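>
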Amino acid sequence: MLEYIHLRLVQIKQCDAPFGGISIIAFGDFNQLPPVAAPPVYKISDMIGTPLWWSFKGFELTEIMRQKDDKLFAKALTSYGNGHSLEPDEIALLESRYITNEAIIPKD
Numbered sequence: 015m016l017e018y019i020h021l022r023l024v025q026i027k028q029c030d031a032p033f034g035g036i037s038i039i040a041f042g043d044f045n046q047l048p049p050v051a052a053p054p055v056y057k058i059s060d061m062i063g064t065p066l067w068w069s070f071k072g073f074e075l076t077e078i079m080r081q082k083d084d085k086l087f088a089k090a091l092t093s094y095g096n097g098h099s100l101e102p103d104e105i106a107l108l109e110s111r112y113i114t115n116e117a118i119i120p121k122d
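Positions 15 to 122 (my numbering) are the ones given, in order, by the sequence shown.
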């Protein structure tokens with residue numbers, strides 16, 4: 015994806031510098047779980063395989079905001095996102111939040 019953006023900007027700006035000489039800000043959550051029913055929009059392995067990836071300066075946000083009041087849930091998501099095994103209490107928490115199709119599909 016970065017290659018396509020780079021090539022198009024080089025063409026538009028008529029400049030051979032990375033991304034046509036334009037400053038690029040990119041952000042994302044690399045621990046985000048992939049979609050269940052569709053392929054992901056991007057793969058991290060594809061992005062870091064290009065030299066363009068290494069021209070970015072990274073900043074890691076270290077404070078969890080969305081789950082800041084639910085430490086166990088935040089820990090479970092982080093563990094799962096990092097590919098680690100979940101503890102029994104984390105598994106129980108996730109199972110307690112499972113919603114069946116019958117619960118979300120209207121009956122009328």
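Here a beta-carbon is modelled for each residue, glycine too, at the ideal position from N, C-alpha and C. Bear in mind that the values here come from a model prediction, so they are computed numbers and not experimental data.
Return the first residue and the last residue of the alpha helix (DSSP H) that G95 is part of.
Within the sequence shown, residue 95 is the residue found at index 81, counting from 1. Its alpha helix (DSSP H) spans residues 85-95.
> Pick out whichever of A40, G42, E17, I39 has its Cα sitting closest to the Cα of D30.
Translated into positions along the sequence shown, residue 30 becomes position 16. Selected option, being the one with the closest Cα: E17.
> So, is H98 buried or exposed, given that buried needs 16 or more other C-beta atoms within 10 angstroms?
Start at 1 with the first residue of the sequence shown, and residue 98 comes out as number 84. By the neighbour-count rule (16 or more Cβ atoms within 10 Å), H98 is not buried but exposed.
> Keeping to the same chain, check which residues put their C-beta closer than 8 Å to that of L107; ignore five residues upstream and five downstream.
In the sequence shown, residue 107 corresponds to position 93, counting from 1. Excluding residues up to 5 positions away in sequence, L86, F87, A90 lie with their Cβ nearer than 8 Å to the Cβ of L107 in the same chain.
> Report the residue from Q25, F70, N45 whose alpha carbon sits nearest the alpha carbon of I78.
The sequence position of residue 78 within the sequence shown is 64, counting from 1. Minimum Cα distance to I78 is reached at N45.
> Output the boundary residues of the alpha helix (DSSP H) element that contains D60.
Walking along the sequence shown from the start, residue 60 turns up at place 46. Run containing D60: 58-62, per the alpha helix (DSSP H) assignment.
> Hey, how far is the Cα of L23 from the Cα of D43?
Translated into positions along the sequence shown, residue 23 becomes position 9. Translated into positions along the sequence shown, residue 43 becomes position 29. Taking the straight line from one Cα to the other gives about 25 Å.
> Between the beta-carbon of L100 and the beta-carbon of S93, is there less than 8 Å?
Within the sequence shown, residue 100 is the residue found at index 86, counting from 1. Within the sequence shown, residue 93 is the residue found at index 79, counting from 1. Contact flag set, yes.
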